[in-house]
Amino acid sequence: MIPLLHIALLVLFVILIYAIIGIELFCGKLHSTCVDPATGQLAQKDPTPCGNEGSAFHCVPSDALTNMGVKWECSANTTWPGKFS
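Residue numbers are given in the UniProt record's numbering: position 51 of the sequence shown equals residue 51, and the series is strictly consecutive.
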């Protein structure tokens, strides 16, 4: 069981490194970017604040738990083709 733990730690370390690289590359470029809930396309070229109630555009989730869930689905290769198509 110890070798499996070492492999799991290595995989988590690699995901952490890629997450840090992604944060440095994008560096707030996607912050407060609104999407149209019907089409999933960007609503405007300029980033504007979003509202999550009523007829306002919905913000893209940017909390750590959602992001880690998407990373897990991509690495596990279970449901990610449906999310990005």
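Think of the CB as a built atom: it goes at the ideal place given N, C-alpha and C, for glycine as much as any other residue.
Quick check: what's the CA-CA separation for residue i versus residue j?
{"i": "residue 4", "j": "residue 14", "result": "15 Å"}
{"i": "residue 70", "j": "residue 19", "result": "12 Å"}
{"i": "residue 12", "j": "residue 25", "result": "20 Å"}
{"i": "residue 66", "j": "residue 73", "result": "11 Å"}
{"i": "residue 76", "j": "residue 36", "result": "29 Å"}
{"i": "residue 17", "j": "residue 8", "result": "14 Å"}
{"i": "residue 6", "j": "residue 68", "result": "20 Å"}
Where does residue i fall in DSSP's three states?
{"i": "residue 48", "result": "Caution applies to residue 48, whose pLDDT of 49 falls short of 50 and renders its modelled position unreliable; the model cannot decide the point."}
{"i": "residue 86", "result": "A query on residue 86 cannot be resolved here, the shown segment of the chain reaching from 1 to 85 and no further."}
{"i": "residue 27", "result": "coil"}
Given the structure, does residue i come close to the ligand FMN, in the sense that its CB is under 8 Å from one of the ligand's heavy atoms?
{"i": "residue 20", "result": "With respect to the ligand FMN, the structure offers nothing, as it holds no ligand at all."}
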